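See below for the structure under consideration.
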Amino acid sequence: MPDYAAQAGEILRKVRSDRPVVHNVTNYVVMNSTANVLLAMGASPIMAHAPEELEELIRIAGSVVINIGTLSAGWVPSMTRAAELCSIARKPYVLDPVGAGATQLRTETAAEIIRWAVPAAIRGNASEILALSAQGGTTRGVDSVHAVDAAIDAAKELALTHGTVVAATGERDYVTNGEEALIVTGGHQLMEYVTGTGCAASVVTAAFIAVAPDPLIASAAGLAYFGLAGEKAAAAAQAPGSFWVKLLDALYEITPEELAERARIAKA
Amino acid sequence: MPDYAAQAGEILRKVRSDRPVVHNVTNYVVMNSTANVLLAMGASPIMAHAPEELEELIRIAGSVVINIGTLSAGWVPSMTRAAELCSIARKPYVLDPVGAGATQLRTETAAEIIRWAVPAAIRGNASEILALSAQGGTTRGVDSVHAVDAAIDAAKELALTHGTVVAATGERDYVTNGEEALIVTGGHQLMEYVTGTGCAASVVTAAFIAVAPDPLIASAAGLAYFGLAGEKAAAAAQAPGSFWVKLLDALYEITPEELAERARIAKA
Amino acid sequence: MPDYAAQAGEILRKVRSDRPVVHNVTNYVVMNSTANVLLAMGASPIMAHAPEELEELIRIAGSVVINIGTLSAGWVPSMTRAAELCSIARKPYVLDPVGAGATQLRTETAAEIIRWAVPAAIRGNASEILALSAQGGTTRGVDSVHAVDAAIDAAKELALTHGTVVAATGERDYVTNGEEALIVTGGHQLMEYVTGTGCAASVVTAAFIAVAPDPLIASAAGLAYFGLAGEKAAAAAQAPGSFWVKLLDALYEITPEELAERARIAKA
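Chains as they are written, first to last, in my numbering: chain A, 267 to 534; chain B, 267 to 534; chain C, 267 to 534.
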C-alpha cells in the first residue's frame, strides 16, 4: 500500500520549490482570503476574470480554480472561457461549485462549465456533490445539509461520468476518481465558523494539482495538508477570528517533513 | 419596565439554536468580513446578488440585508428585486444606506429601495439617517459628520413616515419605531479604525430580527450585543488589526447569559 | 542635505490631524484590506467606482488611488473618469498598475489612464514599471520577476516622460521624479506572503500625498512609514496571518516621533 502521507510531503515540497502560479476566477467573498491561503502555503495567486486577459494569464498558470460563489450572469462567460482555455492549454483546473443545488443558476452554471472542459477535480460539500450528480439534491444556502457519507455514491458516479476526481469534504473528506477512493481526516469544527474554508480547501487542492501528476493523490494530499493546518490552528486558538489568523500561520509553518508524518490519508 | 437585557439574551439564545440564514446583497468591501461576523455569532450567511437566483435564496432566508456600499447602476435592480422579494415572501430586511447623503446616487437608491418594500429596520450613522429623512443632510464620504443626537428627530420622522425601525448608531445608538425609543450604549472608539463596523452592526441586527418578533427590541438587542463584543475586544487588543480579530472572537464567545447580564439598553 | 526622516514624521503628523479622505477605485481583492490600512494610519477611505458618483466623492477627497487589479472592460470608464476628475478638481492621484506587463489589457489600460491625467505618483513593482516604460518588460502574473535595480532606468524615463513621480518598490524602494531620486529601505520578507501589500503601499503613499506638497518626498516618506510598520510587525509575528494583523497594529501605533527617528530614506 502506498505511503500517502509521504507523497503528501513530497507534493508540498514541490509547491514550496516551484511556487506554482494558481489562477483564480472566483467569488468576491474569498478573493482576499484565498489569495492569502495560496501565498501562505508558498504558491503564487492571480485573481482575474476579464475574458480579454484570461488566455495570457492561464498560459503562465500551473493550475486554475473556477469558483461559482457570488455568481451573476455576467461572470459565466469568464468561467466557461477559463475552462475552455484550460482545455486548450492543457492546464488542470479545480471546480468549486459553491451553492450548486441551492439555485438553478448555480447548478446549471456548474454543469455548463464542466461541458466546456472536464476539471481535474471537483471539490464541494456533500450537498453540492449530490446536486451535480444525476441523483440530484438540494442544499440550504451555501452550507451543506448532508453528511459526507450521503454523497459517496454521488461522488463516484460524478467522477466516472466525467472522468474526473471528486472530493466531497466535510467532517471527513471522501476523494475518488470513480475507481479508487481515499478518506482524509483532519480539520476542526471551528472551520464552520469562518467564511470560505471550503473555497480555501479548493485553492490548496489546485496548488497541489499544479505540481503533482495524479489528481487523486494530489487532492487528498492537499486536503490532508489543509486539515492539518486546521488542527494546528485550533490548538492555538479557540475562537474564529484568531483561528483564521492561526490557520494562515499554520499553512506557512507546516514543513514537508511534518506533513509526511502527520497527513491522515487512507484507502476508503 | 421590560428587562431589555434579558430579552437580548433570549434572542441570542434563539440565534444560536436556530442558526438563521441571513441573505446579503451587500458591498464588496465587507462581503468577507460580514460573512465572518454572521458565522461567528452563530448565523448562516449567504452573499449573492444575481436577480435570477434571489427568489430561491430569499425563500430560505430568515432575514435579508441590503447594503448600498460600492453601489453601481448595475446593482440597483438586484437591490430593488431583493426588497420586492422580501415583501412577497414576508421576510424582514435591514437596509444599510452606506453613504446616503454623500452622493445623489446613494440617497436616491436608498429611497428607491424603501419604495419597493419597507424595511424592518434601517441602520445608519447620523449623517445617513439625516440624509434619508425630509430634513436632509450631507456627509463627508462614508463616515458620519454628525453626532447621533443630531439625528434623533430625523430618525423619529423616518420611522413614522415609513412604519419602520430606525437605528442611528455612533458613540451611542438611538433606536426608534417613531413612538418608542431605546438608547444602546457600548462599543469602543477603536471601531472607527476598522472598515465595515457599521455594516457589521447591520448584519448582527438582521440576524436578531430573523428570530425575534419585535424589530425595535431586536435591533437594540443586536446593537447591544455588538457593542459588548466591541468592549470585550478592546479589553484584549489596543490596536485595530488585533481588535478586529478579537471582535470576531467575542461575537463567538459571548453567551446568552453574559449578554442578559451586560447588555445596556434603556428607554430614551 | 534635507532631513527626510524628520519630514516623514511631519507628514504623518499632518495625516493624523487632517484625516484626509482618500478615494479608491480599486480591485476586489484589496478593497477591505486597503480600507483597513487607511483607517489604521488615520486617514478616511472611500471605496467607490460608479461613474455617476465619482465627481461628488472626488470633490471631497484629499487624494485618489486608481488600482487596476481585477480589471475588466466595464471598469475602465470608472478609472479614466476618476483620472479626468482628478485633473479637473486638481486632486493628486496615485496609479497602481497591478499586473501591467502581464497582459495587454493591463498595460494598455494603465497607459490610457495616464493619458487622461498624469498621476502624482505611480507605484509598482519593478516588472510593472518596466512594462509602462518604453523599455517594455514582462511579468509573471502579478508578482515581480525583476529586482528593483533593473527598473531604475525605466523609472527615471517614465517619470521624465510624464512629469510624475515613480516608485519602484521591492526589496528596497527606488523613488524618482526623473531628476532627483531617493532610496527607501525597510520592510520584511513576510510581506511577500500576504496579498495586497503593494496595493497597501500605494494607499499609504496616497494618504501622504494628500497632505504634503512634494510628491517625491511624500511617496518616499509613505513607503518608509509602511516599511517601518512591516519591520515592527515582523518583530512581533513570524508567519503571514499574524504578520498582517500586526502590520495594521503598527500602522496605528507608529507615532510621528518614531517615524522621524526611524525612517530610512537616502539620496540615491
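Virtual Cβ for every residue (Gly too), placed ideally from N, Cα, C.
Please read all numbers here as calculations on a predicted model, not as lab measurements.
Asked	Found
Chain B within 9 Å of L371 of chain A, Cβ atoms only	yes
Residues of the segment 331 to 345 of chain C whose Cβ lies closer than 7 Å to any Cβ of chain A, in chain order	T336, L337, S338, A339
Delimiting residues of the alpha helix (DSSP H) encompassing I334 of chain C	No alpha helix (DSSP H) contains I334 of chain C, which DSSP labels as neither H nor E.
At least three beta-carbon pairs within less than 8 Å, the segment 303 to 320 of chain A to the segment 330 to 344 of chain A	yes
Close beta carbons around A301 of chain A, own chain, < 8 Å, minus the five adjacent residues each side	N290, P311, M313
Assigned exposure category for Q273 of chain A - 16 Cβ within 10 Å defines buried	buried
Reference A348 of chain A; option with closest CA among A:G367, A:R381, A:Y440	A:R381
Cβ-Cβ distance between L489 of chain B and G452 of chain B below 9 Å	yes
Straight-line Cα distance separating E321 of chain A from S338 of chain A	21 Å
Cut-off 7 Å between Cβ atoms - residues of its own chain near A306 of chain B, not counting five sequence neighbours on either side	L514, L517, Y518
Test item: CB-CB of S299 of chain A and A466 of chain A under 9 Å	yes
Option in C:G365, C:A400, C:L371 with minimal Cα separation from G390 of chain C	C:G365
Inter-residue Cα distance where the pair is K280 of chain A and T463 of chain A	23 Å
Within chain C, partners of K512 of chain A - CB distance below 7 Å	G507
Start-end ranges of the beta strand (DSSP E) lying completely within the segment 436 to 495 of chain C, minimum 3 residues	439 to 442, 447 to 450
Separation of K422 of chain C from L351 of chain C, as counted between CA atoms	26 Å
Span of the alpha helix (DSSP H), counted from its first residue to its last, around G543 of chain C	A question about residue 543 of chain C goes unanswered here, because the residues of chain C that appear run from 267 up to 534.
Pick from B:A376, B:A386, B:S410 that is closest to E458 of chain B, judged by C-alpha positions	B:S410
8 Å Cβ shell around P522 of chain A - same chain, five flanking residues per side excluded	G275, E276, L278, R279, R282
Y228 of chain A versus Y294 of chain B - alpha carbon distance	One cannot answer for residue 228 of chain A here, as it falls past the ends of chain A, which runs 267 to 534.
Residue of C:R438, C:P358, C:L448 minimising C-alpha distance to Q455 of chain C	C:R438
Contained beta strand (DSSP E) runs [length at least 3] in the segment 362 to 441 of chain C, N- to C-terminal order	387 to 391, 431 to 435
Reference N333 of chain C; option with closest CA among C:L304, C:I388, C:D415	C:I388
Among B:Y440, B:G429, B:A500, B:S468, the one whose alpha carbon lies nearest that of R530 of chain B	B:Y440
Chain-order list of residues whose beta-carbon lies under 6 Å from that of G444 of chain B (same chain, five-residue window excluded)	K422, A425, L426
Enclosing beta strand (DSSP E) for P268 of chain B [first to last residue]	Note, P268 of chain B: premise wrong, no beta strand (DSSP E); not H, not E.
Span separating the alpha-carbon of Y209 of chain B from that of A534 of chain B	Within the shown structure, residues of chain B are numbered from 267 to 534, placing residue 209 of chain B beyond reach of any answer.
For P311 of chain B, the three-state DSSP class (helix, strand or coil)	strand
Proximity test, Cβ basis, 9 Å: E535 of chain C and chain A	With chain C covering 267 to 534 only, the question about residue 535 of chain C has no answer from this structure.
Between the CA atoms of A327 of chain A and D284 of chain A - distance to the nearest angstrom	12 Å
Nearest to I379 of chain C (by Cα), restricted to the options C:D480, C:A309, C:V331	C:V331
Contacts of N443 of chain A in chain B (Cβ-Cβ under 7 Å)	Within 7 Å Cβ-Cβ: nothing; N443 of chain A doesn't reach chain B, min ~31 Å.
Given A495 of chain C as reference, the closest of B:L361, B:G507, B:P363 once Cα atoms are compared	B:G507
Contact list for the segment 457 to 473 of chain C against chain A, Cβ threshold 8 Å	E458, Y459, V460, T461, G462
Assigned exposure category for A501 of chain B - 16 Cβ within 10 Å defines buried	exposed
Chain A contact residues for A500 of chain B, given Cβ-Cβ distances below 7 Å	None at all; the shortest Cβ gap to chain A is about 14 Å.
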